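Engineer:
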Amino acid sequence: MNNHDPDEKLSRRGMLTGMATFALSLTSVGALASSIRRGTKWDSKYEAAINFEIDQPDGVRYHRPYVAVWLENKEGKAVRTLSLWVQTTRRGPRWIPDLRRWYRDEQDRKAANGGDLVETISSATRMPGKYTLVWNGMDDAGKPVDQGDYYVCIEAAREHGTYQLIRKSFTFTNKAFKQKLEGNLEIKEAEVEFRKRK
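With the first letter of the sequence shown counted as 1, position 88 gets the number 86 in the numbering used here; the numbers rise by one all the way through.
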């Protein structure tokens, strides 16, 4: 039958049990760390500065672009609108849906939470030039978000011009960084700087 010593069998079994326990503990530690990271609120000592430049293309019939700058969570749901530069008088409102992604997100947000960001945060369109917007880690309701991955979105649409979208994911924890974003016809250049609050 079996010529193995019973003590050897126990030690082998013990070793296998120990290895299985160790493997499970590693998995649990990883899951716990991930869970803690997801639930850790934004560090109030930090802010994200979004720097960008509105370009002025050549041409006589120049209209200032409508611009929306906002943050989305990793699922693509809008979390915070930092700016909405549009015309809200005369024929202006009919062009707001040209900010396609922001407008779609706003319709979803309105259906879920009510309110109208166009009425509460919109301001006049801007001339070509450099601008900086700062995100303090709060959502549109004024509550701190969790640390983690968020998309920075800069969308521009111009009458007799083009539609452009810059959208890039960043991880916001408590580690400063600065990264350039690729520009386009409407937004000449952009950069995200995650830094200690000034």
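Yeah, the Cβ is synthetic: ideal placement off N, Cα and C, and Gly gets one too. Please read these numbers as outputs of a predicted model, since none were measured by experiment.
Compute the Euclidean distance between the alpha carbons of Ser167 and Ala122, then round it to the nearest angstrom.
Structural biologist: Within the sequence shown, the letter at position 169 stands for residue 167. Within the sequence shown, the letter at position 124 stands for residue 122. About 28 Å.
Engineer: Buried or exposed, going by whether 16 or more other CB atoms sit within 10 Å of the CB of Thr91?
Structural biologist: Translated into the one-based positions of the sequence shown, residue 91 becomes position 93. The amino acid occupying residue 91 in the given sequence is Pro; Thr does not appear at that position. Exposed is the call here.
Engineer: Rank Asp56, Met136, Glu117, Gly57 by C-alpha distance to the C-alpha of Trp68 and give the top, closest one.
Structural biologist: The count along the sequence shown starts at 1 and reaches residue 68 at position 70. Here the closest residue by C-alpha is Met136.
Engineer: For the candidate residues Glu157, Trp83, Trp93, Trp100, whose alpha-carbon lies nearest to that of Lys75?
Structural biologist: By 1-based counting over the sequence shown, the position of residue 75 is 77. For the residues Glu157, Trp83, Trp93, Trp100, the minimum Cα distance to Lys75 belongs to Trp100.
Engineer: In angstroms, rounded to a whole number, what distance separates the CA positions of Gly146 and Asn134?
Structural biologist: Taking the first residue of the sequence shown as 1, we reach residue 146 at position 148. Taking the first residue of the sequence shown as 1, we reach residue 134 at position 136. The straight-line gap from Cα to Cα measures roughly 14 Å.
Engineer: At the level of alpha carbons, what is the spacing between Tyr64 and Thr118?
Structural biologist: Here residue 64 refers to the residue found at position 66 of the sequence shown. Here residue 118 refers to the residue found at position 120 of the sequence shown. Computed Cα separation, rounded: 16 Å.
Engineer: What is the residue span of the beta strand (DSSP E) that Leu82 lies within?
Structural biologist: The residue you call residue 82 lines up with position 84 of the sequence shown. From DSSP, the beta strand (DSSP E) with Leu82 extends over 76 to 83.
Engineer: Any heavy atom of the ligand MG within a distance shorter than 8 Å of the CB on Gly37?
Structural biologist: Among the components modelled here there is no ligand, and therefore nothing to report on the ligand MG.
Engineer: Which whole-angstrom value describes the C-beta separation of Leu97 and Glu184, a residue pair presumed to lie in contact below a C-beta threshold of 8 Å?
Structural biologist: Translated into the one-based positions of the sequence shown, residue 97 becomes position 99. Translated into the one-based positions of the sequence shown, residue 184 becomes position 186. In fact, because the Cβ distance is near 11 Å, the residues do not count as touching under 8 Å.
Engineer: So within the region 107 to 177, which uninterrupted alpha helix (DSSP H) runs reach at least 4 residues, ignoring any that extend past its ends?
Structural biologist: Runs found: 115 to 119.
Engineer: Going by alpha carbons, who is nearest to Val77 out of Thr87, Arg59, Tyr149?
Structural biologist: The residue given as residue 77 occupies position 79 in the sequence shown. Comparing Cα-Cα distances from Val77 to each of Thr87, Arg59, Tyr149, the minimum goes to Tyr149.
Engineer: Leaving out five residues on either side along the sequence, give the residues of the same chain with a beta carbon under 6 Å from the beta carbon of Phe175.
Structural biologist: In the sequence shown, residue 175 corresponds to position 177, counting from 1. Phe192.
Engineer: Quick one: is Gly109 buried, meaning 16 or more other Cβ sit within 10 Å of its Cβ, or exposed?
Structural biologist: Your numbering for residue 109 matches position 111 in the sequence shown. Looking at the sequence itself, residue 109 is Ala, so the reference to Gly does not match. By the neighbour-count rule (16 or more Cβ atoms within 10 Å), Ala109 is not buried but exposed.
Engineer: Would Glu187 and Glu70 qualify as a contact pair, given that the criterion is a beta-carbon distance under 9 Å?
Structural biologist: Looking up residue 187 in the sequence shown gives position 189. Looking up residue 70 in the sequence shown gives position 72. Contact: no.
Engineer: Would you call Thr79 buried or exposed, if buried means 16 or more other Cβ atoms sit within 10 Å of its Cβ?
Structural biologist: The residue you call residue 79 lines up with position 81 of the sequence shown. Around the C-beta of Thr79, 16 or more other C-beta atoms lie within 10 Å, and the residue is accordingly described as buried.
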